[in-house]
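Each remark here refers to the structure printed beneath this line.
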Amino acid sequence: MANIDGTSNNDTLQGTNEDDVINAMNGQDVVSGEGGDDQIDGGGGNDLLFGDVGEGTAPGADASPLTLNINNVQSQTYTGNNASAGDSAVYSNVAQLEDGTPVWGRLVLVSKSDPNMTVDLTGGRGFEILMNGNGTGDTAEFRFEFFDPATGEPVALNSVATFNDLDRNSPTDREAVTLQASSFSAFGTSSDTSLNLENGPGTVTAAGGEQNNPSDQDAWFSAEFENREFIEFSLEARNTNSGFTFSGDLIDDAVVTPIEAGDDTIDGGSGQDTIFGQGGNDSLIGGDGDDQLDGGEGNDTLEGGQGQDLLDGGAGADSLNGGEGDDRLFGGDGTDTLTAGPGNDRLEGGNNSDIFNFDAGGNHVIVGGEDADGSDIDILDLSGVRTNVIQTGPESGRIEFLDENGNITGRTDYTEIEQIIICFTPGTRIATRRGEVAVEALKAGDMVFTRDNGIQPLRWVGRRDLTAQDLDAHPEFQPVFIRQGALGKGLPERDMLVSPNHRMLLNSDLAEVMFEEREVLIAAKYLTGLEGVDQITTHSVSYLHLMFDQHEIILADGGWTESFQPGDHSMRGIGEAQRVEILTLFPDLSTIAGMDAFGSARMSLKKHEAQLLTKAMQ
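First residue of the sequence shown? That's 1 in UniProt numbering, and the numbers climb one at a time after it.
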């Protein structure tokens, strides 16, 4: 672990592969944490902060696999066949962009472990990098830089480099390639690889396991990279000549393994900062100023702070909060949670199912995003916020935020939103003698339709509110979303949310064949095998309980579901005050006999039984 401090000047600071603490202090600094789980504080000034590698990172263009061809050597900085540290060779046509633009490369020898080892950057066809070890385990470090031949400017690529024909003479005399997470995101081997792999924090080494031919894919090793203007790697030579190249080939049906990066914490401080989390599950804080935050890979947390910030979650299940100011938030890939703060924000979910939260006020624009197959469920969560919702289309509309007097304090326009949750389970409509009534409006004494016993008086209504802290501690309490018609025969008639242990009634010929009961109850969390039923993630939820003189089947949002059935599990989940209230109404429940008498209205399927049934229903 290293503690690295900057100065009040413009510093360039680089961490190690350990867990570093870096304080850049004032000035316009460039900081890269490299490997490990780093803590980086940009301090004052307009900083450029990277959680992992910094130099050489830029938005990349997709390119063909890298190729080294001895016939494409354009120049070299040394004579003979022995390069020194700092020498280089330029190759043309090392890759091609999707539009046909050629990319050239500069192969640089950075260092070698033994000055007496021979290294040639233009060795020959199929062994463009030729090394002759002076002893067992001799290594050399290389950098391969990409540039536009027309301008000489660097070009950032998304591509793959394949090393083939990694051999071994003896257990200690081998050819090997070592990659760092600072340059590469993943590596690939064949399913029957003969290579010996050594994985460490943020690094991987592939070593030859036997003598091979260049065409033997079991001795090939591929290295994937993204957004790189150059890549760096290490090669280990045998005592005899060792040849390496980029073949331009791809491994058939490669087994791809990510190279794990660190989980970094980066605080930009004041100033207009640009922060890249890159790999790992990172925490990025913009602080004051107009900042740009890019989470990269992993499940990241991005907080813009003050100013007009730009937040991009990248891949993974990210949490984005713009804070104050007029911010732009992009969820990217993964199931993301985006929160609009004070100001006029634009939130775009990107791919997968996303959740949008709000602070009251502000004028925002929300775009949920659509997956190609239309399976995503983007949700607006308006819990705890007074609103008017005006729907203008199946997935679009306008939200008006209201103060306590009903005055409009802000407005949000939304598109590509599949579900709006006012208060989660509150809002579910229950069939009663006076029509469908929102569950939160019911009270003891209301007459409710039941499937078995006609109209019955409601004896007790309970409510449990779960906060973000509750759900973080117990993610198994997250609600289950049931899309309209997901339970068959058009049921439920509306989208609904229930607690994961709340049981729904299924009426099925298959159930009768499998369990000798046509109607069965299944906990919502066991229905997620059905299309249109998903356990979702949200920052808060409220669950309401309806109890009668006996366990009943009632009609909610047009679908049949259960009332509250007291039992060991359900009674533990409602809180002490509500338990006392129930036992006052139903004193027999304080005894085992009384609890046993309050039997289930239908057969309730166990997890494995529910999975068998839902699989058969697909």
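Positions of the beta carbon are idealized from the N, C-alpha and C atoms, including for glycine.
Distance between G60 and F481, taken at the CA atoms: about 38 Å. Boundaries for F230: no alpha helix (DSSP H) harbours it, while the beta strand (DSSP E) harbouring it runs F230 to E236, taken from the DSSP string. Per the coordinates, the alpha-carbon of P587 lies some 12 Å from the alpha-carbon of D549. Under the 8 Å Cβ criterion, the region 202–211 does not count as touching the region 283–295, having fewer than three qualifying pairs. The Cβ neighbour count for D371, taken over all protein chains shown within 10 Å, is under 16; the residue is labelled exposed. D120: member of the beta strand (DSSP E) spanning T118 to D120, first to last residue. No residue range can be given for H539, since it is assigned to no beta strand (DSSP E) and is classified by DSSP as neither H nor E.
DSSP, reduced to helix, strand and coil, places E324 outside both helices and strands of the structure shown, so it counts as coil. In this structure, the alpha-carbon of L293 lies about 5 Å from that of I275. Comparing alpha-carbon positions, the option among I417, L68 and N116 lying closest to E395 turns out to be I417. For F449, the uninterrupted beta strand (DSSP E) segment begins and ends at M447 to T450. In the three-state reduction of the DSSP assignment, I70 falls in the helix class, which pools H, G and I. In the structure shown, the three-state DSSP call for I455 is strand.
In this structure, the straight-line span from the alpha carbon of T528 to that of I377 is close to 14 Å. The beta carbon of S499 lies closer than 6 Å to those of Y543 in the same chain, with the five residues before and after it left out.
For the pair V177 and I390, the Cα-to-Cα distance works out to about 60 Å. Its chain contains D41, G42, G43, G44 and G287 as the residues whose beta carbon lies nearer than 7 Å to that of G269, once the 5 sequence neighbours on both sides are disregarded; these appear in chain order.
Close CB contacts of T614 within its chain, under the 7 Å cut and outside five residues either way in sequence, are with L527, G529 and L530 (chain order). In this structure, DSSP gives D596 a helical state, which the three-state scheme calls helix. Close CB contacts of L97 within its chain, under the 6 Å cut and outside five residues either way in sequence, are with A61 and A63 (chain order). In this model, F144 and R228 are separated by some 10 Å (Cα to Cα). About 5 Å separates the beta carbon of S247 from that of N164, a gap short enough to meet the 8 Å contact definition. Counting along the chain, no alpha helix (DSSP H) covers K525, and no H or E run does either. The beta carbon of D403 lies closer than 6 Å to those of T409 in the same chain, with the five residues before and after it left out. A straight-line Cα-Cα distance of about 21 Å links E198 and G133.
Per DSSP, the unbroken beta strand (DSSP E) holding A186 starts and ends at A186 to T189. When Cβ pairs closer than 8 Å are counted between the two stretches, the region 307–314 is seen to touch the region 330–349, the count reaching three or more. Look at H474 here: in three-state DSSP terms it is coil, with no helix or strand label.
A distance below 7 Å separates the beta carbons of V103 and V155.
Per the C-alpha coordinates, the member of I231, D267, F187 and E175 positioned closest to N212 is E175. For N81, the closest alpha carbon among the candidates D99, N93, T67 and G124 is that of G124. Straight-line spacing of the CA atoms in Q469 and L510 works out to 41 Å. Annotation for F515: no beta strand (DSSP E) segment contains it, though the alpha helix (DSSP H) segment containing it runs D509 to F515. Under the DSSP assignment, L491 falls outside any alpha helix (DSSP H); it carries neither an H nor an E label. Taken atom to atom, the span from the alpha-carbon of G304 to that of G296 is near 16 Å.
Taking all protein chains in view, the Cβ of S191 is surrounded by fewer than 16 other Cβ atoms within 10 Å, so the residue is classified as exposed.
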